[in-house]
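In my numbering, the protein residues as written are 3 to 537.
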Amino acid sequence: MKVRFEPNNITLDVKAGETILQTAKNASILIEADCFGEGTCGKCKIKILSGSVEEPDEVEKRFLTEEEINKGIRLACRVKVTDNLVVLIPQKSEDQRKKDLVWLPENFTHDKRQTTEYGVAFDIGTTTVVGMLWDLAEGKLINSVARTNPQTTFGADVISRILFSKQEEGNLKLLQEKILDALNSIILEFKEKEGISPEEICCATAVGNTTMSHLLLGIDPFGLAMVPFTPGFTGPVEILASKLGLKINNNAKVTVLPNIAGHVGSDIVAVMLASNIKELDGANLAIDIGTNGEIVLAYNGEILACSTAAGPAFEGASISQGMRATKGAIEGVKIKEDEVELLVIDNAIPIGICGSGLIECVAEMLNLGIISENGRLLTREDAKQKGYSKEIYDRLRKGNNGNEFVLYWGKDSKDITLTQKDVREVQLAKAAIAAGIKILMNELGIVSSDLNNIFLAGAFGNYIDKESAITIGLLPDVPKEKVVSIGNAAGVGVSMALLSESALEHAFSLAKYSKHIELAANPNFQDIYLGEMYF
3 MKVRFEPNNI
13 TLDVKAGETI
23 LQTAKNASIL
33 IEADCFGEGT
43 CGKCKIKILS
53 GSVEEPDEVE
63 KRFLTEEEIN
73 KGIRLACRVK
83 VTDNLVVLIP
93 QKSEDQRKKD
103 LVWLPENFTH
113 DKRQTTEYGV
123 AFDIGTTTVV
133 GMLWDLAEGK
143 LINSVARTNP
153 QTTFGADVIS
163 RILFSKQEEG
173 NLKLLQEKIL
183 DALNSIILEF
193 KEKEGISPEE
203 ICCATAVGNT
213 TMSHLLLGID
223 PFGLAMVPFT
233 PGFTGPVEIL
243 ASKLGLKINN
253 NAKVTVLPNI
263 AGHVGSDIVA
273 VMLASNIKEL
283 DGANLAIDIG
293 TNGEIVLAYN
303 GEILACSTAA
313 GPAFEGASIS
323 QGMRATKGAI
333 EGVKIKEDEV
343 ELLVIDNAIP
353 IGICGSGLIE
363 CVAEMLNLGI
373 ISENGRLLTR
383 EDAKQKGYSK
393 EIYDRLRKGN
403 NGNEFVLYWG
413 KDSKDITLTQ
423 KDVREVQLAK
433 AAIAAGIKIL
443 MNELGIVSSD
453 LNNIFLAGAF
463 GNYIDKESAI
473 TIGLLPDVPK
483 EKVVSIGNAA
493 GVGVSMALLS
503 ESALEHAFSL
513 AKYSKHIELA
523 ANPNFQDIYL
533 GEMYF
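So this is what it looks like as structure tokens:
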């Protein structure tokens, strides 16, 4: 049997009974599947353009509206191939909000070069890969390109990918090839857009979380999947581009910046370099909020670092109608006594909610008492008795995942809701970050009022409502003016390391100087984590 995937225009021979998701995965065609094909996220929607398939099962009916099913929309993880098919895959959605330019600190000085040379810096995230092309002589950014990390086909988080790397011989090499394909496609885009050939790129630097660094280099990451989370290397690593498989000048040196420990990677080292956190007065905190949250606390010359398994809630992956920050995502929510106001990316019809909208929504509902301190969502009857307006209590109802609150009434589409399960996912994610912060502060004997700055790194940090993040307890209780978004600081730091030998050496020393705090080994972690579950 044959399956043709559009808009890729790729036709594959398929065994009868294989799912569309598995077929796509075998051909390295990307279909979003945050649950790894378990049928629990409902994100792998595709459209059957021609050919017959079996009727939807109960799992599909839970995630798809009747109208969607009538239009041929199905879940790729549930549909088995029993006929020749033509399948349309929605284009992968990147963060469509304004991308921040990579900035360099005012006092930064790049190395002087006599001739025009080019270099590329890579920030390799679990979800997104960013490449930055630099004129080394001028210290000037020429272009920046982002790609979805193609490894997401094999799992939304690092543990899924580590386990996949061990399932079969050759899987580790496959994961390495996937990330190199992404880097090389970025390099080709630089050639197409800027006319700079790969051979003119004479050096490269790269950062990522510890797992991403391992997978880039083809080093077995399995030690990171279990206590005591032992990495195969901490680095730094220097390797020829030709040996790595990076298609730039064959003699170019690729430097992968050092990791600090198990799940504290070179990306947070780059954040420290960009923020100059070690040299700042007093206590300063830097947080990269992601699936693998990384936290650094610097105080009086000391640096402590830890990682927290926040999970993918803030990236929308474990939220019933969560999504990335793309067209149609609710990115802001204001709930008043008699109305709900939504801020939607591109002013489109809402189709889901992204991380920034999720945090603001929960904070608004907390402020109004719709969610209690222990995370319980009011029932409609509760809200009526407490005197909420009809506009508000009508939005509370019973759903498949417990009580839910309707954010948007769908006319020709599904209602957009925040469910009780979603609230629990937020509690789990925010408690992981908050517990990590508290343990680092306890180690150095400081409290929230001692903090001079809280630096939020990464794209998510740019769009998060600071007051809402403090309200839900994701961040310490400080004046919101102390919370500073520093954008793609990992991209800045890895670029500094590309442009300056002294910056590169400073990154090496920061990694060596930092003390790793293993949260799982802390006897108070469980109690602190459970306490931080409360809002």
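We put the beta carbon where it would ideally sit given N, CA and C, even for glycine.
| Query | Result |
| --- | --- |
| Where Phe65 falls: helix, strand or coil (DSSP) | helix |
| Where Lys82 falls: helix, strand or coil (DSSP) | strand |
| Assigned secondary structure, Gly121 (DSSP; H/G/I helix, E/B strand, else coil) | strand |
| Sufficient close CB pairs (3 or more, under 8 Å) joining the region 429-445 to the region 329-337 | no |
| Touching by the beta-carbon criterion (3+ pairs, under 8 Å), the region 269-281 and the region 316-327 | no |
| Candidates Val239, Glu69, Lys255 and Thr129, of which the one nearest Tyr120 by Cα | Lys255 |
| The region 499-513 contacting the region 218-233, beta-carbon criterion three pairs below 8 Å | no |
| Cα-Cα separation between Thr207 and Phe124, rounded to whole angstroms | 6 Å |
| Leu306 beta carbon near the ligand ATP (any heavy atom closer than 6 Å) | In the structure shown, the ligand ATP is absent, as is every other ligand, since no ligand is present at all. |
| Nearest candidate by alpha-carbon position, reference Val2, set Met367, Phe156, Ala18 and Thr232 | As displayed, the chain neither begins before 3 nor continues past 537, which places residue 2 out of reach and without an answer. |
| For Asp396 and Val408, the rounded distance between their alpha carbons | 8 Å |
| Helix, strand or coil at Val160 [DSSP, three-state] | helix |
| Beta carbon of Gly463 nearer than 7 Å to that of Ser497 | no |
| Rounded Cβ spacing between Pro230 and Glu520 (contact assumed at less than 8 Å) | 7 Å |
| Closest by C-alpha distance to Ile448, when choosing among Tyr301, Ala158 and Glu191 | Tyr301 |
| Burial state of Lys142 (16 or more Cβ within 10 Å) | exposed |
| Among Pro9, Ser146, Pro352 and Pro152, nearest to Val104 - alpha-carbon criterion | Ser146 |
| Inter-stretch contact (C-beta, 8 Å, three-pair minimum) for the region 65-79 and the region 32-47 | yes |
| Supposed contact pair Ala434 and Ala312 - C-beta distance, whole angstroms, cut 8 Å | 5 Å |
| His518 versus Gly404 - alpha carbon distance | 40 Å |
| Residues that DSSP places opposite Lys517 in a beta bridge | Leu306 |
| Uninterrupted beta strand (DSSP E) stretches inside the region 284-353 (no shorter than 3 residues) | 285-290, 295-301, 304-310, 331-337 and 342-346 |
| Residues near Ser391 by beta carbon distance below 7 Å, same chain, minus five either side | Glu339 and Asp340 |
| Buried versus exposed call for Thr118 [16 or more other C-beta atoms within 10 Å across all chains shown] | exposed |
| Pairwise C-alpha distance: Asn369 and Val16 | 53 Å |
| Residue from Pro223, Ala227, Thr42 and Asn86 with nearest C-alpha to Leu66 | Thr42 |
| Local conformation of Met367 per DSSP, three classes | helix |
| Inter-residue Cα distance where the pair is Trp136 and Ile144 | 5 Å |
| Proximity below 7 Å, CB of Gly495 to CB of Ala272 | yes |
| Distance between Phe7 and Pro481 (C-alpha atoms, nearest Å) | 51 Å |
| Beta-carbon gap between Thr213 and Val160 smaller than 7 Å | yes |
| Nearest-angstrom Cα separation, counted from Lys114 out to Cys37 | 48 Å |
| Cα-Cα separation between Asn526 and Ser52, rounded to whole angstroms | 57 Å |
| Asn253, buried or exposed, once every other Cβ within 10 Å from all chains shown has been counted against 16 | exposed |
| C-alpha gap between Asn454 and Leu477, whole angstroms | 13 Å |
| Neighbourhood of Ala227 by C-beta, 7 Å cutoff - its chain only, sequence neighbours within 5 removed | Ile161, Ile164 and Leu165 |
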